[in-house]
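Residue 42 is where the sequence shown starts when you use the working numbering, and the numbers rise one by one after that.
We treat Cβ as the ideally placed atom computed from N, Cα and C, and that holds for glycine.
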Amino acid sequence: MQVSVIDIGNSKGIRLTKTLLEKYDIKDKVELILEKGRIILKPVSKPRQSWEKAFQQMNAAGDDKLMIGDVFPDESMEEWK
Numbered sequence: 042m043q044v045s046v047i048d049i050g051n052s053k054g055i056r057l058t059k060t061l062l063e064k065y066d067i068k069d070k071v072e073l074i075l076e077k078g079r080i081i082l083k084p085v086s087k088p089r090q091s092w093e094k095a096f097q098q099m100n101a102a103g104d105d106k107l108m109i110g111d112v113f114p115d116e117s118m119e120e121w122k
């Protein structure tokens, strides 16, 4: 796909179509990666942004219990005293 480089004030830029923005979930920012003669635009994602709320819900539901115990059956805490 070819796009035109356009004037934006004293700078230059490119326009991304609405279809591209939606397809790649591009919101406010992209990461610019310079790599051996290439410029790569990568959507900036925040994968952990809702974790705090999810952890609060898990706690309220009593679903935040350890899946693996702190001490294995063949271990002794004596060596750590």
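| message | Could you pull the DSSP bridge partners for Ile-109 from this structure? | response | Ile-109 is not bridged to any residue.
| request: Might you give, ordered along the chain, the residues of its own chain that have their beta carbon closer than 7 Å to the beta carbon of Arg-89, omitting 5 neighbours on each side? | output: Exclusion of the five residues before and after Arg-89 leaves no residue of its chain whose Cβ lies closer than 7 Å to its Cβ.
| field | Every unbroken beta strand (DSSP E) within the region 45-118, with a cutoff of 3 residues, ordered by chain | value | Runs of beta strand (DSSP E) with 3 or more residues, each lying fully within the region 45-118, are found at 46-49, 52-55, 71-76, 79-84, listed in chain order.
| request: Please name the residue in Lys-94, Leu-61, Glu-93, Gly-50 whose C-alpha comes closest to that of Gln-43. | output: If we check each option's Cα against that of Gln-43, Leu-61 comes out closest.
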